[in-house]
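Residue numbers (the numbering used here), protein chains in the order written: chain A, 1 to 232; chain B, 1001 to 1232.
Cβ coordinates follow ideal geometry from the N, Cα and C atoms, glycine included.
Here the structure comes first, spelled out in structure tokens, and everything after it is commentary.
2 protein chains.
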Amino acid sequence: MRDRSTPSTKSTARRTTLAVDVVVLAPLSNALGALLVRTPPSARERWSLPWDGPRADEDLESTAARIAGAALGMEPAYYEQIGAFTDGRRHPGEADTSIGIVALSSGAATSLAKGAEWFPVDAMPALSPRHRAVLDRAADVVRQRIDQSPLAFRLLPEAFTLSELQSVYETILGRPLHKASFRRALQASYLVEPTDEWRSEGRGRPAQLFRYAPKKRRGLRRGVRFDLFDAR
Amino acid sequence: MRDRSTPSTKSTARRTTLAVDVVVLAPLSNALGALLVRTPPSARERWSLPWDGPRADEDLESTAARIAGAALGMEPAYYEQIGAFTDGRRHPGEADTSIGIVALSSGAATSLAKGAEWFPVDAMPALSPRHRAVLDRAADVVRQRIDQSPLAFRLLPEAFTLSELQSVYETILGRPLHKASFRRALQASYLVEPTDEWRSEGRGRPAQLFRYAPKKRRGLRRGVRFDLFDAR
DNA sequence: TGACATTAGTTGCGAAATGCTACTAATTCT
DNA sequence: AGAATTAGTAGCATTTCGCAACTAATGTCA
Chain A
1 MRDRSTPSTK STARRTTLAV DVVVLAPLSN ALGALLVRTP PSARERWSLP WDGPRADEDL
61 ESTAARIAGA ALGMEPAYYE QIGAFTDGRR HPGEADTSIG IVALSSGAAT SLAKGAEWFP
121 VDAMPALSPR HRAVLDRAAD VVRQRIDQSP LAFRLLPEAF TLSELQSVYE TILGRPLHKA
181 SFRRALQASY LVEPTDEWRS EGRGRPAQLF RYAPKKRRGL RRGVRFDLFD AR
Chain B
1001 MRDRSTPSTK STARRTTLAV DVVVLAPLSN ALGALLVRTP PSARERWSLP WDGPRADEDL
1061 ESTAARIAGA ALGMEPAYYE QIGAFTDGRR HPGEADTSIG IVALSSGAAT SLAKGAEWFP
1121 VDAMPALSPR HRAVLDRAAD VVRQRIDQSP LAFRLLPEAF TLSELQSVYE TILGRPLHKA
1181 SFRRALQASY LVEPTDEWRS EGRGRPAQLF RYAPKKRRGL RRGVRFDLFD AR
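What follows is the structure, encoded as structure tokens:
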């Protein structure tokens, strides 16, 4: 039970220190990768998420774009907030509060900033506890929203094969998907359109390239789905 | 294009003012209601969301609980972050950054604090631009997550009828649902269990009361759903 | 050159989920 | 008693889904 005997009727914003911590994700050869940057020698951990404070009159997405762009060497294609973290966990810059933001990149042909490096998300070096929490939440958020937002498409270049797309879904969800069902569902959704290009990737039949081009949704309003519940 | 000619390699947390703005939701007679509090006479708008700065060593959920509890006169059953807002929009306390949090309450038998009042979400009085944005986002988040989280159950007392539950879904989604399909889907999900109580609500057949009691999920992993896409 | 490995993409079917209409059940109102 | 009202169910046509088995186009290698 909390004490609320004399609730102060006056509200006051608190002076604190704020950081924007960015989780930049891109598909590596066979796993999902996150971008880390080297910390100054004085720091307790050798690596951290790219982060900084917001500048004056800079909104959160611009801040994230600046931070991610500096580390990645290019602009990520997509941003999504993953939450605010005000808790006891230690932040590398001793920020009281962190705003976590995921930035998605196709990972193609990037010239990383000096000191920045990709790591597979399931084999990360030690991070400050705050950054560890931000990263974990990022993975959750991406997994949860992958079938409501075009997240997967932002992890691929503009033109991609359906096998590549399926592979992105599989690494994010961490389980194999059925090829025929995947394609049928995608077909029915009018989210992609074929280009007239084909790509030959060594052996095997060449694959047709597609691009993300969501069409107007037909007015099909489904009932409520009680599966996909994350009970709590 | 942004200037990144000489990216500063040093990250620094920024000193700012922070507020936690809470959107307390509960079902009113026939619509969703949000709780507002009267502002001091000097304020530009007469009403605002309940808000305050976090205290030292207080995490966000505790802060939200304190703020919501003070206005509502009881503890809400559920909290969910809806995002951080750092933008030009004016906040009633001039906070640079707001953390928006939704608190869900069954609305049952509450003794509201002095100056607090329920308003239907689609007929709110004027709010500061920041609070308006927080409220709008709250509605979006609730609508988006209603079929992934037990949100609807937190807007009802512990025992409820299936018609009440369906009505909550309908007001949040803003469209009517089919009774038979709704119940069948709910049945299949093992999220509720019947009590042995029945409630007679004036006219009509009495309804059986249920409680939220999620069972272990059977390991049925579905394919990817490309419907429910919020294209962007 | 011709079998075979490899990857892309499709077809068809049984099973499950969904939308809908129409029904039965229990209560109050007049 | 009968109409009105709300709760809850049954059955069926249609769509969606999981899956296995197929065809298609390329490279590999004896």
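Do Gly1259(B) and Ala13(A) have their C-beta atoms within less than 7 Å of each other?
Absent from the structure is residue 1259(B), since the part of chain B shown begins at 1001 and ends at 1232.
Closer than 7 Å between beta carbons: that is the criterion. Which residues of the segment 1005 to 1037 of chain B meet it against chain A?
Here the close residues are Pro1007, Ser1011, Thr1012, Ala1013, Arg1014, Arg1015, Thr1016, Thr1017, Leu1018 and Ala1019.
Between Met1(A) and the rest of its own chain, which residues show a CB-CB distance below 7 Å, the 5 nearest in sequence each way excluded?
For this step, residue 1(A) is matched to residue 1 along the first sequence. In this prediction, Met1(A) scores a pLDDT of 45, lower than 50, which makes its location untrustworthy; the coordinate-derived value is nonetheless stated afterwards. Answer for Met1(A): no residue qualifies.
Assign Ser1005(B) to one of two classes, buried (16 or more other C-beta atoms within 10 Å of its C-beta) or exposed (fewer than that).
To locate residue 1005(B), count along the second sequence from 1; it is residue 5. In this predicted model, Ser1005(B) has a pLDDT of only 39, less than 50, meaning its place in the structure is not dependable enough to derive any value.
Alpha carbons only, please: which of Leu1028(B), Asp1087(B) and Leu1165(B) is nearest the one belonging to Pro1018(B)?
Translated into positions along the second sequence, residue 1018(B) becomes position 18. Contrary to the premise, residue 1018(B) reads as Leu rather than Pro in this sequence. If we check each option's Cα against that of Leu1018(B), Asp1087(B) comes out closest.
Pop quiz: Val102(A) and Ala138(A) are said to be a contact at Cβ under 8 Å. What is the actual Cβ separation, rounded to whole angstroms?
On the first sequence, position 102 is the one that residue 102(A) refers to. On the first sequence, position 138 is the one that residue 138(A) refers to. So it is a contact: roughly 5 Å between Cβ atoms.
For Ala1095(B), count the other beta carbons within 10 Å of its own beta carbon; 16 or more makes it buried, fewer makes it exposed. Which is it?
As a working note, residue 1095(B) is residue 95 in the second sequence. So Ala1095(B) ends up on the buried side.
Quick check on Arg130(A): buried or exposed, where buried means 16 or more other Cβ atoms within 10 Å of its Cβ?
Within the first sequence, numbered from 1, the residue matching residue 130(A) stands at position 130. Its Cβ being crowded by 16 or more others within 10 Å, Arg130(A) is buried.
Quick check on DSSP: helix, strand or coil for Ser98(A)?
Reading the first sequence from its first residue, position 98 is the one you call residue 98(A). Residue state, collapsed to three classes: strand.
Thinking C-alpha only, which one of Ile1067(B), Leu1072(B), Val1224(B) and Pro1176(B) is nearest Gln144(A)?
For the purposes of this step, residue 144(A) is taken as the residue at position 144 of the first sequence. Comparing Cα positions, the closest option is Val1224(B).
To be precise: take each residue of the segment 1175 to 1194 of chain B, compare its Cβ to all Cβ atoms of chain A, and keep it if any distance is under 8 Å. Which residues remain?
Per Cβ criterion, the list reads Arg1175, Leu1177, His1178, Ser1181, Phe1182, Ala1185, Leu1186, Ala1188, Ser1189 and Leu1191.
Is Ala185(A) closer than 7 Å to Thr1226(B) when the C-beta atoms are compared?
Residue 1226(B) sits at position 226 when you count from the first residue of the second sequence. Residue 185(A) sits at position 185 when you count from the first residue of the first sequence. Strictly speaking, residue 1226(B) in this sequence is Phe, with Thr absent from that position. Yes.
In the DSSP assignment, the alpha helix (DSSP H) including Gly1069(B) goes from what residue to what residue?
Locating residue 1069(B) in the second sequence gives position 69, counting from the first residue. Leu1060 to Leu1072 is the extent of the alpha helix (DSSP H) around Gly1069(B).
Using DSSP's beta-bridge definition, name the partner residues of Thr1161(B).
Reading the second sequence from its first residue, position 161 is the one you call residue 1161(B). In DSSP, Thr1161(B) forms a bridge with Leu1209(B).
Can you name, in chain order, every residue of its own chain whose Cβ lies under 7 Å from the Cβ of Lys215(A), other than the five neighbours on each side?
Within the first sequence, residue 215(A) is the residue found at index 215, counting from 1. Here the set comprises Tyr190.
To which residues of the same chain is Arg221(A) closer than 7 Å at the C-beta, ignoring the five residues directly before and after it?
Along the first sequence, one-based indexing puts residue 221(A) at 221. Counting only Cβ-Cβ distances below 7 Å, and skipping sequence neighbours, we find nothing.
I believe Pro1120(B) touches Trp1047(B) by the beta-carbon criterion, under 8 Å. Please report the beta-carbon distance rounded to the nearest angstrom.
By 1-based counting over the second sequence, the position of residue 1120(B) is 120. By 1-based counting over the second sequence, the position of residue 1047(B) is 47. Rounded, the Cβ-Cβ distance is 13 Å, inconsistent with contact.
Is it a yes or a no for the segment 1195 to 1215 of chain B touching the segment 1171 to 1181 of chain B, going by three-plus beta-carbon pairs under 8 Å?
Flag = no, the segment 1195 to 1215 of chain B and the segment 1171 to 1181 of chain B do not touch.
Starting from Tyr1169(B), find everything on chain A with Cβ-Cβ shorter than 8 Å and list it in chain order.
Taking the first residue of the second sequence as 1, we reach residue 1169(B) at position 169. What Tyr1169(B) touches in chain A: Val224.
Any Cβ of chain B within less than 7 Å of the Cβ of Ile99(A)?
Mapped onto the first sequence, residue 99(A) falls at position 99. At least one chain B Cβ lies under 7 Å of Ile99(A).
Are the beta-carbon atoms of Pro92(A) and Ser128(A) separated by less than 7 Å?
As a working note, residue 92(A) is residue 92 in the first sequence. As a working note, residue 128(A) is residue 128 in the first sequence. Contact: yes.
Within the continuous alpha helix (DSSP H) that includes Glu1134(B), where are the two ends?
Counting from 1 along the second sequence, the entry for residue 1134(B) is found at position 134. The residue asked about is misnamed: residue 1134(B) is Val in this sequence, not Glu. Run containing Val1134(B): Pro1129 to Arg1145, per the alpha helix (DSSP H) assignment.
Comparing the C-beta of Gly204(A) with each C-beta of chain B, is any distance below 7 Å?
Indexing the first sequence from 1 puts residue 204(A) at position 204. False, the Cβ-Cβ gap to chain B never drops below 7 Å.
In angstroms with no decimal places, state the Cα-to-Cα distance between Ala1123(B) and Glu75(A).
By one-based count along the second sequence, residue 1123(B) stands at place 123. By one-based count along the first sequence, residue 75(A) stands at place 75. So the two alpha carbons sit approximately 40 Å from each other.
Using only CA atoms, which one of Ala1133(B), Ala1213(B) and Gln1187(B) lies nearest to Arg1090(B)?
Counted from its first residue, the second sequence places residue 1090(B) at position 90. With distances taken between Cα atoms, Arg1090(B) lies closest to Ala1133(B).
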